[in-house]
Structures are given as structure tokens and as C-alpha cells.
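Below is one structure, written out as C-alpha cells; comments come after it.
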DNA sequence: TAGGCGTGGGC
DNA sequence: TGCCCAAGCCT
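Numbering (the numbering used here), first residue to last: 765 to 1150.
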């Protein structure tokens, strides 16, 4: 370990003061969250893992109800592993980033079948599970197993960038921010508190060292005056809201398309189950056109996608076009959908591959992404409140 | 390595 | 309203 002396020499009294101050603060101000062990209790690795997956790019407030439903329905990882994947997808519906749900189920099965139901207790082992990346592996190792791991998420990037007034823009600054967190994370006999320290940094980032928001009077300010790191922070009193510096983002384009609401004589709706890879993988959607960049003219969007829209129109006619359109914003584009409604004079006629008849009453229980829930609402298929 | 991948909330 | 943000991972 040639680096140990280098690392040690980069740890100053300022670092040590910050580490101690933050751990002391956490002992008093830690948030009480459903997946956190109470003080003095042993953490539940299944709960820690499940919450960490759900919390990826998702707020605590949103996760709480999903976490409660999952742990109620599947109390142990073996229960989740034994569930049908469709049930898991349906329970996840609305939470977004559905690859997380597919990976969640795959990882549960691997833990149950290959590890006898026990999660790997170190970063390398955890990292092998699908859906567990560098952040999540470090977080679980530290929080659930008391390992000294260096945990860096978006909150911690912000706190460390401010604490050292890092001017390098993200994502280039990542390695630098990791080194700062490494230098701050408790070592030696205190190394077992790495999990507390990481959670303390996240609580700090969530509650005090908050991200900037545009207001009438410029950017909102973090709560430096009550921050345990105020005395050691390089940005305190020097416009901390300007950190971290970020590289400019690419703009979000518009896409247009058609969704087909096809109903038979018996109150069944034709839905397509999307293939596992790619956007909305494994979820149910209304068939239709692809979503193309550019022109908003409906006629420009032939039904040539893999959803069988063209076959449906040839077979059953074009129906009526609804006046209501549906708009939905994804992370990297906005889509505007025109709805065509087709009523078929038959009961459950054969459908192309990949399409299925679904009872109208069971629509709400299916794993529909939010954009398709909007379509179902606009077409009057489900209650507006569902 | 930069872009794909959801959704809800705040202002 | 439009834009930004939130406990990232994968390719």
C-alpha cells in the first residue's frame, strides 16, 4: 500500500474536524427513515439494498410508499425472488426507470439461489449484482455491513464540491470529489462508522446543503448558518450556491406519434407488451406508431414500429381520432401523442405477435408506464384518479 | 464517454 | 409554463 502515506498526509486537521463535527451532528439530527436501522439496531441488508435501488434518481418522499408495499408483500429477499416478474413490474409501475425493477428481480433471484439468501458483504461481491453500481455497492457495504467504503452520490458530490470550493465542472470533477470524500470518511477504529458518515453527508445535502433553485431573487441559498461544517467549509460565505459547477446540458427534443386504443365487443383492450431491452422494457403500452423527431403532422408517422400498429389499421380500419392529445416528458425527450380509437365488431379476434387482449377492468392493475396511463385516462378507459 | 433511461415536485 | 432537480446504472 504505497498510497497509504500519501492518503494520510492529505488528511489535515481540517478534515478531521469536519468528520467529527458531522458524525456528532448525525447522532442528534439523523432522519428516521423506514429502511434505516434504529440507533443500536442491526441494519437489514435486504431493506438497505431495496431502498438504495428505489432511491436511485428518486426522492425519499416518492420511495416511502413503494418501499412499504414491497416489504409488506415480499418480507424477505427470497420472497421477492420467488415472485412472478410481472407482479414485480406491476408493483414498480409509476416509479420509473424500469430497468431497476428488472434488475431488482434478477438480483433477488441471484441472492436467493447463488448466495443462500444472504447478500454479499463487500463492495466487490455486491457490485456483481445487476443494478448495483459503484455508488450502491459502496452504500450497502458501508450501511448494511459496517465496511469502510467511500460513498459518493449526487448529494455528496454537491457537499464535497462546496466544502473544497471545487471549480472543475462535473462530470470531470468526479475523481477529485471522490478523493475528498475518501479523505473525510472515518478510518481506523472509526471506519465502521463509514455508513453513518455517508448517510450524514446525504442528510446534510438533503436538508441543509441543498441544491440551488431559481427564485425571483436569483438562486436559493443553502442553510450554512446551522451547518455543522460551516467552520471548515471553503464555500461558506462565498456563494456556495455556485457549486458544484456543471457542464451545460444538451437540449431536450420533441417527438410525435400515435397511440391506438382498440376495443372489442367484449370490453377488451389490445395492449402490446414491450420487449425487455430499451425504453419502457417489459411494460404494457397501447400499440401505435413509433415516436419520431420533427414534424407534428400525424400522417407523417406510419405504423411501422414493432408494435404492430400498421397491421391493426389494415385489419380494423382507422377509427376516430380524438381531439385530446397526450403530452409526456421523459428524461431525454418530450412526446406528444395523438389518440386514435378503434371499435372492433368482433370479440377478441386474433392479434399480431406481441399484442394481447386485456380486460378493460384489469387495465389499472397492469404495468403501464405513466405516459400510457395518461392515454388510458384521455380515452376514458380508467378513472381519472387511478 | 456521453447518452438512454421515468416520474413527480418546486418555483 | 418551462426548467431544474432527486440516494445512478448500463452500454
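For every residue, glycine included, the Cβ atom is placed at its ideal position computed from N, Cα and C.
Determine contact between the region 1005 to 1018 and the region 947 to 958, defined as no fewer than three beta-carbon pairs at a distance below 8 Å. no
Taking 6 Å as the limit between beta carbons, can you name the residues of its chain near residue 999, skipping five residues before and five after? Within the first chain, numbered from 1, the residue matching residue 999 stands at position 235. Contacts found: 926, 929, 1007.
Please report the distance separating the alpha-carbon of residue 951 from that of residue 923. In the first chain, residue 951 corresponds to position 187, counting from 1. In the first chain, residue 923 corresponds to position 159, counting from 1. Distance between the alpha carbons of residue 951 and residue 923 is about 20 Å.
Burial state of residue 1144, where buried means 16 or more other Cβ atoms lie within 10 Å: Taking the first chain and counting its residues from 1, one reaches residue 1144 at position 380. By the 16-neighbour rule on beta-carbons within 10 angstroms, residue 1144 is exposed.
Between the CA atoms of residue 782 and residue 879 - distance to the nearest angstrom: The count along the first chain starts at 1 and reaches residue 879 at position 115. The count along the first chain starts at 1 and reaches residue 782 at position 18. Looking at the two C-alpha atoms, the distance is approximately 38 Å.
Return the CA-CA distance between residue 1108 and residue 1146, expressed in angstroms with no decimal places. On the first chain, residue 1108 is found 344 positions in, with the first residue counted as 1. On the first chain, residue 1146 is found 382 positions in, with the first residue counted as 1. Rounded to whole angstroms, residue 1108 to residue 1146 spans 19 Å at the Cα level.
Let me know the secondary structure DSSP gives residue 1085 once reduced to three states. Translated into positions along the first chain, residue 1085 becomes position 321. The answer is strand: DSSP assigns residue 1085 an E or B state.
Could you pull out every residue in the same chain whose Cβ sits closer than 8 Å to the Cβ of residue 943, ignoring the five residues on either side in sequence? In the first chain, counting from the first residue as 1, residue 943 sits at position 179. Cβ within range, chain order: 774.
Is the CB-CB distance between residue 1105 and residue 967 below 8 Å? Against the first chain, residue 1105 aligns to sequence position 341. Against the first chain, residue 967 aligns to sequence position 203. It is not a contact, given that the beta carbons lie outside the stated cut-off.
CA nearest to the CA of residue 1034, picked from 993, 1130, 947, 971: On the first chain, residue 1034 is found 270 positions in, with the first residue counted as 1. That would be 1130, whose Cα lies nearest to the Cα of residue 1034.
Any 3 or more C-beta pairs closer than 8 Å across the region 929 to 940 and the region 849 to 864: no
If you run the structure through DSSP and keep just helix, strand and coil, what is residue 1102? Looking up residue 1102 in the first chain gives position 338. Of the three classes helix, strand and coil, the one that applies to residue 1102 here is strand, per DSSP.
Taking just the CA atoms, how far does residue 785 sit from residue 1134? The residue given as residue 1134 occupies position 370 in the first chain. The residue given as residue 785 occupies position 21 in the first chain. If I take the Cα positions, the gap works out to 43 Å.
If distances are taken between C-alpha atoms only, which option among 1119, 995, 1081 comes closest to residue 1048? Translated into the one-based positions of the first chain, residue 1048 becomes position 284. Considering only alpha carbons, the answer is 1119.
Which of the three DSSP states is assigned to residue 1092 in this structure? Sequence index remark: in the first chain, residue 1092 carries index 328 (1-based). In this structure, residue 1092 counts as strand in the three-state DSSP scheme.
Hey, which unbroken runs of the beta strand (DSSP E) at 3 residues or more fall wholly within the region 832 to 859? none
Nearest CA to the CA of residue 1053: which residue from 1103, 1032, 1097, 1041? Along the first chain, read from residue 1 onward, the residue named residue 1053 stands at position 289. Ranking 1103, 1032, 1097, 1041 by Cα distance to residue 1053 puts 1103 first.
What residue range is occupied by the uninterrupted beta strand (DSSP E) comprising residue 1034? Within the first chain, the letter at position 270 stands for residue 1034. Its beta strand (DSSP E) spans residues 1032 to 1037.
Determine the closest residue to residue 959 out of 988, 985, 913, with distance taken between C-alpha atoms. To locate residue 959, count along the first chain from 1; it is residue 195. Checked all of 988, 985, 913; the closest Cα to residue 959 is 913.
Taking residue 1021 as part of the beta strand (DSSP E), name the residues at either end of that continuous run. What you label residue 1021 is simply residue 257 of the first chain in a count that begins at 1. Taken as a continuous stretch (DSSP letters only), the beta strand (DSSP E) holding residue 1021 covers 1018 to 1027.
Alpha carbon to alpha carbon, what distance is there between residue 975 and residue 1055? For this step, residue 1055 is matched to residue 291 along the first chain. For this step, residue 975 is matched to residue 211 along the first chain. Rounded to the nearest angstrom, the two C-alpha atoms are 33 Å apart.
Beta-carbon spacing of residue 932, residue 1009 below 8 Å: As a working note, residue 932 is residue 168 in the first chain. As a working note, residue 1009 is residue 245 in the first chain. Their beta carbons are under 8 Å apart, which means residue 932 touches residue 1009 by this criterion.
Give every residue of the same chain whose Cβ lies closer than 8 Å to the Cβ of residue 822, excluding the five residues on either side of it in the sequence, and list them in chain order. The residue labelled residue 822 in the question sits at position 58 within the first chain. Excluding sequence neighbours, residue 822 sits near 859, 860, 861.
By the DSSP assignment, the beta strand (DSSP E) with residue 888 in it spans what residues? As a first step, residue 888 must be located in the first chain, where it is residue number 124. Residue 888 -> not in any beta strand (DSSP E); alpha helix (DSSP H) instead, spanning 887 to 891.
Reference residue 1089, options 1122, 877, 1023, 1125, closest by Cα: Within the first chain, the letter at position 325 stands for residue 1089. The residue among 1122, 877, 1023, 1125 with its C-alpha nearest the C-alpha of residue 1089 is 1023.
Closest by C-alpha distance to residue 881, when choosing among 842, 895, 852, 908: Residue mapping note: residue 881 aligns to position 117 of the first chain, counting from 1. When 842, 895, 852, 908 are compared, the shortest CA-CA separation from residue 881 is found for 842.
Assign residue 963 to buried or exposed, taking buried as 16 or more other Cβ atoms, counted over all protein chains shown, within 10 Å of its Cβ. One-based indexing of the first chain puts residue 963 at position 199. Under this definition residue 963 is a buried residue.
Does DSSP classify residue 1131 as helix, strand or coil? As a working note, residue 1131 is residue 367 in the first chain. The DSSP-derived three-state label of residue 1131 is coil.
Please give me, in chain order, every unbroken run of the alpha helix (DSSP H) with length at least 4 that falls completely inside the region 902 to 978. The region 902 to 978 contains these whole alpha helix (DSSP H) runs: 918 to 927, 938 to 948, 958 to 971.
Going by alpha carbons, who is nearest to residue 865 out of 1011, 814, 1015, 906? Translated into the one-based positions of the first chain, residue 865 becomes position 101. Among 1011, 814, 1015, 906, the Cα nearest to that of residue 865 belongs to 814.
Identify whether residue 1119 lies in helix, strand or coil by the three-state DSSP scheme. On the first chain, position 355 is the one that residue 1119 refers to. Residue state, collapsed to three classes: strand.
Just verifying my parser: in three-state terms, what is the DSSP assignment at residue 1152? In the structure as shown, the chain starts at 765 and stops at 1150, and residue 1152 therefore has no counterpart that could be examined.
Once the 5 residues before and after residue 916 are set aside, which same chain residues still bring their CB inside 7 Å of it? For the purposes of this step, residue 916 is taken as residue 152 along the first chain, with counting starting at 1. So the list reads 899, 941, 942, 945, once near-sequence residues are dropped.
Please return the same chain residues whose Cβ sits closer than 6 Å to the Cβ of residue 811, not counting the five positions on each side in sequence. By 1-based counting over the first chain, the position of residue 811 is 47. Excluding positions up to five away in sequence, the list reads 799.
Does residue 824 come out as helix, strand or coil in the three-state DSSP assignment? Position 60 of the first chain holds residue 824. Correct three-state label for residue 824: helix.
Grab me the residues of residue 909's own chain with a C-beta within less than 6 Å of its C-beta, minus the 5 sequence neighbours each way, in chain order. Locating residue 909 in the first chain gives position 145, counting from the first residue. Excluding sequence neighbours, residue 909 sits near 885.
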